[in-house]
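Reading through the structure tokens given below for one structure.
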Amino acid sequence: MPATKDLIAFLNSNNLNWVFQSKGNRKIEVRGRWTTIDALSPGYQDSETITVSENLYTVWEIEVRMKGMGPVKVIISEVGRRYYVINRTDWKMKKVMETYMHGWDIEVMHRDLKQDGLGHIFLSMQDRIVPPSHIDGKGDPQNIQHQVPWQIPQYP
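For the sequence shown, the working numbering assigns the number 211 to the initial residue and increments by one for each residue that follows.
See the structure below:
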């Protein structure tokens with residue numbers, strides 16, 4: 211598995227946007243001095259309250275240089291003191307948080323697939339469980355007959 215800095219170098223060389231949740235011990239350079247993200251102490255006057263997926267977040271932003279990654283924007287969320295790092299320093303905090311939260315759905319799906327394999331695949335549409343075979347190419351259900359969860363047979 212490639213190191214984070216190798217992955218970031220690949221993404222940057224292909225002009226791709228990225229955002230990830232960081233640990234607080236990551237080294238950053240602020241005004242010529244190296245410190246950690248945890249050591250930042252933003253003031254409430256610099257905070258902004260944003261709504262993402264109907265949840266309120268109090269967040270701060272700072273543009274820094276991260277060791278091995280170059281210039282980045284760090285978003286600090288008060289809830290659980292979480293740190294989000296993105297290569298797009300021009301993005302607003304709300305867009306960064308929405309982008310990260312959208313990607314989180316993929317992480318959850320990946321975790322579920324690793325745990326259950328393809329044993330349980332459900333597509334939820336308007337509070338109904340619909341097997342993929344009953345969905346047309348546009349994502350619309352066709353003659354939904356199943357109202358209960360179903361399973362794909364396990365492979366040996």
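Where a beta carbon is used, it is the ideal one built from N, C-alpha and C, also for glycine.
When C-alpha distances from N235 are compared across A249, V229, L226, the shortest belongs to A249. The alpha-carbon of G280 is positioned some 22 Å away from that of S287. When the Cα atoms are used, R292 and N222 turn out to be separated by approximately 24 Å. In the three-state reduction of the DSSP assignment, G313 falls in the helix class. Shown here, V295 sits in a strand according to DSSP, grouped into three states.
Burial is judged here by how many other beta carbons sit within 10 angstroms of a residue's own beta carbon; N265 has fewer than 16 and is exposed. Taking D216 as the centre and dropping the five residues before and after it, the same chain places no C-beta closer than 8 Å to its C-beta. V229 is positioned such that its CB atom lies no closer than 8 Å to that of T299.
In the DSSP annotation of this structure, the continuous segment of the alpha helix (DSSP H) that includes K215 starts and ends at 214–223.
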